[in-house]
Each structure stands twice: as structure tokens, then as C-alpha cells.
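Residue numbers (this note's numbering): 58 to 239.
See structure below.
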């Protein structure tokens, strides 16, 4: 049996869309494959941004921008990518701590713009991105495992960032969070 003890104030349900991020054939709009991500120091997280529009309505100057959720101005993007005249496709967008530092908060959106008119064609769902993991594990205890499985190893990770890889002969890791060690 393995017991993970979560700190009460940080035990939140993490939302993550498990789909491919690709729209179905009947959907038009801008789509993302994740709604929440953790970006560790010196690391990046990739979010899949997909779009689909009628081919007669797109043009060579269309673009997608990454924005602070509360930013209404199209000129105040954090990052952008030209999509050309593709009526539908998928971009892999790497988010880093630099992107997070350019924002006033943890909530981001992607917006698809018509490059000729400046009209916002679509807006993605909100993405919550943070450098602080939202789940904090304070203790791990393994019981009932045969002694042949010693030492035990556990790797703590958030997204694609490994936070720690720990080994224990007893199968117990206590006070994992620094604040709890004081």
C-alpha cells in the first residue's frame, strides 16, 4: 500500500484536458490541449494549439498570439506565431518562465487574428500556468511491500518537470516540503 499525504491548502483538483487538442471535423475555432501547467525553472512546457476555419476566410497574414487573460489589446501580446493561410493545423507552443514573467497573472489565452482586418476570429479557453506546483506532497509512506523491493525510489514530478527523485530503505519519506521542516 502506498499513501500520499497532500497538504490541505494545496490539495486542489487539477484540470487537464486529456484530448489531443485537435478539433473535430465539425468544429471551427481555436483549441488547446491543456488548461493547466507547471513551468519549472529552466524548463518549458509544450501546449498544443489547434485551429480550424473555413478555407475561404483565412489569409496569409493570420496569426495567433499568447496574451495575459485580462489584456484586451492585440498589440500587447506576450508571444505570437504566424499561421499563414492554413485553414486548420496544430502548433506546438513552448511556454517558459520568460512568458510567465511577462504576464501580470497566471492566466493566459491564445487569440487567433485575421491579419488583414485585425479582427479577433477566436479565443482559446484559459490556461493557468505557474512556476509553483499546485499540489504539494508532504509525506509518502509505503507499507506491505516485500523487503526484496528495497531500497524504494520515488520521483516527484509536475508536468514534464522532475522535482525530486528520492530513495529510502524504509519506504518512508517524511516532511518533503521545506516549510514543513521548520
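All C-beta atoms in this analysis are idealised placements derived from N, C-alpha and C, irrespective of residue type, glycine included.
All figures in this text were calculated on a predicted structure; none of them were measured in a lab.
DSSP state of residue i, grouped into three classes?
i, result
"residue 198", "strand"
"residue 155", "helix"
"residue 142", "coil"
"residue 226", "coil"
"residue 130", "coil"
"residue 183", "coil"
"residue 205", "helix"
"residue 188", "coil"
"residue 113", "helix"
"residue 2", "In the structure as shown, the chain begins at 58 and stops at 239. Residue 2 is therefore absent and cannot be evaluated."
"residue 119", "coil"
How long is the line joining the alpha carbons of residue i and residue j, rounded to whole angstroms?
i, j, result
"residue 88", "residue 205", "48 Å"
"residue 173", "residue 119", "7 Å"
"residue 141", "residue 117", "4 Å"
"residue 198", "residue 190", "21 Å"
"residue 186", "residue 203", "40 Å"
"residue 115", "residue 222", "48 Å"
"residue 10", "residue 231", "Shown here, the chain extends from 58 to 239; a query on residue 10 therefore has no answer."
"residue 78", "residue 184", "Bear in mind that the predicted position of residue 78 carries a pLDDT of just 46, short of 50, making it unreliable; the figure below should be weighed with that in mind. C-alpha separation (whole angstroms): 13 Å."
"residue 126", "residue 139", "20 Å"
"residue 213", "residue 225", "14 Å"
"residue 124", "residue 160", "8 Å"
"residue 91", "residue 182", "9 Å"
For residue i, which residues from the same chain have a beta carbon less than 6 Å from its beta carbon, with the 5 sequence-adjacent residues on both sides left out?
i, result
"residue 180", "166 and 168"
"residue 102", "94, 96, 152 and 216"
"residue 110", "85 and 144"
"residue 229", "198"
Residues in its own chain within less than 8 Å of residue i by CB, not counting five upstream and five downstream?
i, result
"residue 175", "131"
"residue 170", "119, 120, 121, 122, 131, 176, 177 and 178"
"residue 157", "96, 163, 186, 187 and 188"
"residue 146", "107, 108 and 140"
"residue 208", "224, 225 and 226"
On the criterion of 16 or more Cβ atoms from any shown chain inside 10 Å, does residue i qualify as buried, or is it exposed?
i, result
"residue 122", "buried"
"residue 113", "exposed"
"residue 107", "buried"
"residue 210", "exposed"
"residue 155", "exposed"
By Cβ distance below 7 Å, which residues in the same chain neighbour residue i in space, the five residues on each side in sequence not counted?
i, result
"residue 149", "103 and 105"
"residue 128", "none"
>> Whether or not the segment 93 to 102 and the segment 130 to 142 are in contact is what I'm after, with contact meaning three or more pairs of Cβ atoms, one per stretch, closer than 8 Å; do they touch?
In response: no
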